[in-house]
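In case it helps, mature numbering (1 follows the signal peptide of the UniProt record, and there is no 0) puts the sequence shown at residues -25 to -1, 1 to 514. We put the CB at the ideal spot given by N, CA and C, even for glycine. Every value quoted in this text rests on a predicted model; they were computed, and no experiment measured them.
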Amino acid sequence: MKQGNLLIQVFLLAYCFGSVCVINAEDPYRFFTWTVTYGTRSPLGVPQQVILINGQFPGPPIEGVTNDNILVNLINKIDEPLLITWNGIKQRRMSWQDGVLGTSCPIQPNSNWTYHFQLKDQIGTYTYFASTSMHRASGAFGALNVNQRSVIFVPYHKPDGDFTLLVSDWYKMGHKALRKRLDSGRALPLPDGLLINGASKGLAFTGEHGKFYRFRISNVGISTSINFRIQGHMMTLVEVEGSHTLEEVYESLDVHVGQSLTVLVTLKAPVKDYFIVASTRFTKPVLTTSAILHYKGSKTRPSRPLPIGPTYHIHWSMKQARTIRLNLTANAARPNPQGAFHYGTIPISQTLVLANARTKINGKLRYTVNRVSYVNPTTPLKLADWYNIPGVFDFKTIKNIPTPGPSILGTSVLDFALHEYVEFVFQNNERSIQSWHIDGTNAYVVGYGTGTWNVAMRKRYNYVDAVSRHTFQVYPMSWTSVLASLDNKGMWNVRSQIWSRRYLGQELYVRVWNNERSLYTEAEPPLNALYCGKAKRPV
């Protein structure tokens, strides 16, 4: 077998019946070897330490195809334990590969671990990033794009080219300084600037007049919603986190922390250069960065002023969010199961109301969900659950609705039966926008509203064509409601995508379980599983 960063290998399986043999090819394998190190870059013009993957900032992209098997051998050469999570990749029956401390022991310095997961049932734009500590604030993130197989139809013509844009807020302080500030009980300040693909200026994307291009846009920042726009061009939204959307046309689009989307842009303006602009939402002051859309043959630089975007405008953003709807005529990564889009007729088995709050515990800043500020145990929850290790967590720590009382530290895990259909209501009683993510599944975003949620709000839900995604914004003093089919057995992280809040406790886990031990419902621990805390490698 050839050595290198990427190898594709196809395994053949033969089945013979009498004199007739049928040969099936296993889905392709893509092999990556990534070395994580520190390096020096100047994203905002000041040299600073960043986290590199194979010497790259951002890290190398993964370009996959539906059903591909992805193997990433991650070599940790930084001085702290590390994990990478695959943001939005469903990890069917494989929470072992999710790359968070609730499911995996971290990869220690000067050691390695190989992730193995499959890109099942998904076509679209995703990202990966370091889930441990505040590492994400210094880099260790990148693009993960999933394309369709040749036999799968997508509801738009093949574009003439692809551009991937990773937009991030950025601090001149490194991850250790940010962590020290949080540990001392102080909140983080406004970021120092915005980056596109790790750069604050000088980045250009080149296309030809008359052709159209796919722009994959992800917010890989740690705290700030952004608005994205292209001077002199309209954008047609076609995909959000693995869901094909109705092809609405926008002048600008909000992309909240942790979210990804895909737009098509036709280059039909006069041949010159144009600004690509990202600016922060709901912040004072507004931070702005830009790149260049360069028409091939152009000799004219882009002209100012930059195209204007919204700044605070909460209701504008909420109204735009409601226009993002599922394309019911388009298939997913595989043919749609009968009734897959009849989500509004499925009985809800449980309702969770998850309220975020900022508080102090033992005199220090913490963030909570339903009064509990999450603390990671030394033993990953998944290992404790699989091997019946007592004393790591219980299901009584957190309630499924907000209750009065003091805030506490704890290890929050909620228990669900496999295939339950659950309503998650994210209640935001603070004056800052929130962003929430559920690992292991997508959920239909059926409602946004101001004030406090109650059951009467269900009359406002979109029960027909709500978009299915993995990360959900919750506007200030507002609520967001999503419906999720918990059909993926495992231990799954529900977290704030605003990383200082997650670092200081704003997360929990949902355990999706039944008492059947079967490879059809959940894979066993991988042979290379790491063990730590109370979990010992079985003999």
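- When rounded, the separation of the alpha-carbon atoms in residue 2 and residue 128 is 19 Å.
- Straight through space, the alpha carbons of residue 422 and residue 433 are spaced by roughly 8 Å.
- Taking a 10 Å sphere around the C-beta of residue 431, we find fewer than 16 other C-beta atoms and assign the residue as exposed.
- Residues of the same chain with a CB within less than 8 Å of the CB of residue 372, apart from the 5 flanking positions on each side, are 347, 385, 386, 387, 388 in chain order.
- In the structure shown, residue 98 adopts coil according to DSSP, grouped into three states.
- When the five nearest sequence neighbours on each side are left out, the beta carbons in the same chain lying within less than 6 Å of the beta carbon of residue 455 are those of 401, 423, 447, 449, in order along the chain.
- Contact check for residue 194 and residue 240: beta-carbon distance about 18 Å, past the 8 Å limit, so the pair fails to qualify.
- Taken through DSSP and simplified to helix, strand or coil, residue 512 comes out as coil.
- Contact annotation: the segment 359 to 378 touches the segment 320 to 329, with at least three C-beta pairs closer than 8 Å.
- CA-CA distance, residue 176 to residue 271, rounds to 20 Å.
- Closest in alpha carbon position to residue 420, among 318, 513, 483, 361, is 318.
- For residue 150, the enclosing alpha helix (DSSP H) has its first and last residue at 150 to 158.
- Sequence-distant Cβ neighbours of residue 211 in its own chain, meaning closer than 7 Å and more than five residues away, are 222, 224, 238, 239.
- DSSP, reduced to helix, strand and coil, places residue 231 outside both helices and strands of the structure shown, so it counts as coil.
- Within 10 angstroms of the beta-carbon of residue 162 lie fewer than 16 other beta-carbons, which makes it exposed.
- Residue 417 and residue 67 have their alpha carbons spaced roughly 12 Å apart.
- Runs of the beta strand (DSSP E) lying entirely within the segment 133 to 198 and spanning at least 3 residues, in chain order: 137 to 145, 168 to 171, 179 to 182, 187 to 194.
- Counted as a single uninterrupted DSSP element, the stretch harbouring residue 412 is not any alpha helix (DSSP H) but the beta strand (DSSP E) occupying residues 409 to 413.
- Between residue 483 and residue 396, the C-beta spacing is not below 9 Å.
- Counting the other Cβ atoms within 10 Å of the Cβ of residue 110 gives 16 or more, which makes it buried.
- Cβ-Cβ distances below 8 Å link residue 123 to 40, 41, 98, 129, 308 in the same chain, with the five nearest sequence neighbours on each side left out; the list follows chain order.
- The Cβ atoms of residue 107 and residue 414 lie no closer than 9 Å to each other.
- Looking at the backbone, the Cα of residue 399 and that of residue 264 are separated by about 35 Å.
- Bridge pairing for residue 14: 25 [DSSP].
- Taking the CA atoms as reference points, residue 493 sits about 19 Å from residue 390.
- By the CB criterion at 9 Å, residue 182 and residue 268 fall inside the cutoff.
- A Cβ-Cβ distance of about 7 Å is found for the pair residue 65 and residue 95, placing them in contact under the 8 Å criterion.
- In the three-state DSSP reduction, residue 466 falls in the strand class (E or B).
- Counting only runs that start and end inside the segment 210 to 268, the beta strand (DSSP E) elements of at least 3 residues fall at 210 to 215, 227 to 230, 235 to 241, 248 to 255.
- Residue 358 carries a helical assignment under DSSP once its states are collapsed to helix, strand and coil.
- Contact check for residue 171 against residue 253 passes: the beta carbons are separated by less than 9 Å.
- When DSSP states are grouped into helix, strand and coil, residue 445 belongs to the coil group.
- Residue 191 sits away from residue 85, with the two beta carbons spaced by 9 Å or more.
- Residue state for residue 52 is assigned as coil, using DSSP reduced to three classes.
- Under the DSSP definition of a beta bridge, residue 418 partners with 444.
- The residue from 38, 69, 51 with its alpha-carbon nearest to that of residue 464 is 69.
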